[in-house]
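Numbering (this note's numbering), first residue to last: -14 to 186.
Cβ coordinates follow ideal geometry from the N, Cα and C atoms, glycine included.
Quick caveat, the model's predicted, so the values are computed rather than measured.
Input: a single structure, listed below in structure tokens.
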């Protein structure tokens, strides 16, 4: 594979919100895409601290039902309609990927390498973000749309109870995926000046 092909896939990855349940691949193959990312995405000190749960079908819909109920309890009723519409849009997709970080791994690294103790909570966030990007970009290459959400910590307790999540796992993000009902809108770019520099050429 050429580096240009990798760059093209990176450009294909966008936040796509108009999703449906018509996946271009079997659900089992989508699960294998996520599994591959969990196995091959790098982590600091090879900590392998990221934990991932994939939800399809009724389990996926259950996530967005419990999110709706959690937000209904804290958003004023007169302001809830737009939130409810947005959550219904996520529920209409085919599935969700839940990303967690195992705090037991973090604590173990802090004890093993005390000189870096303050850094490990930051580094595992980098690790989690790389997993999110790896999954999202590979799904895009497979013609599957996705968008990344962060309803943690509002839904943490309900998620943990519903899917028997270990107490040491901290929810970091939810990647909603599905068939592409409508493409992403036009993307604008800030000038590279002030964002990018090269020295020594």
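A Cβ-Cβ separation of about 6 Å places residue 30 in contact with residue 94 under the 8 Å criterion.
Nearest Cα to residue 26 within the set 114, 130, 162: 114.
Secondary structure at residue 5: strand, using DSSP grouped into helix, strand and coil. Under the rule that a run must span 4 or more residues, the alpha helix (DSSP H) segments found entirely inside the stretch 18 to 76 read 42 to 57, 65 to 76.
Among the bridge pairs identified by DSSP, residue 86 is matched with 35, 155. Rounded to whole angstroms, the gap between the alpha carbons of residue 45 and residue 141 is 15 Å. For the 8 Å CB-CB criterion, residue 173 and residue -5 do not form a contact. Pairing residue 116 with residue 65 gives a Cβ-Cβ distance that is not under 8 Å.
Membership of residue 131 in the beta strand (DSSP E) is indicated by the continuous run 130 to 134.
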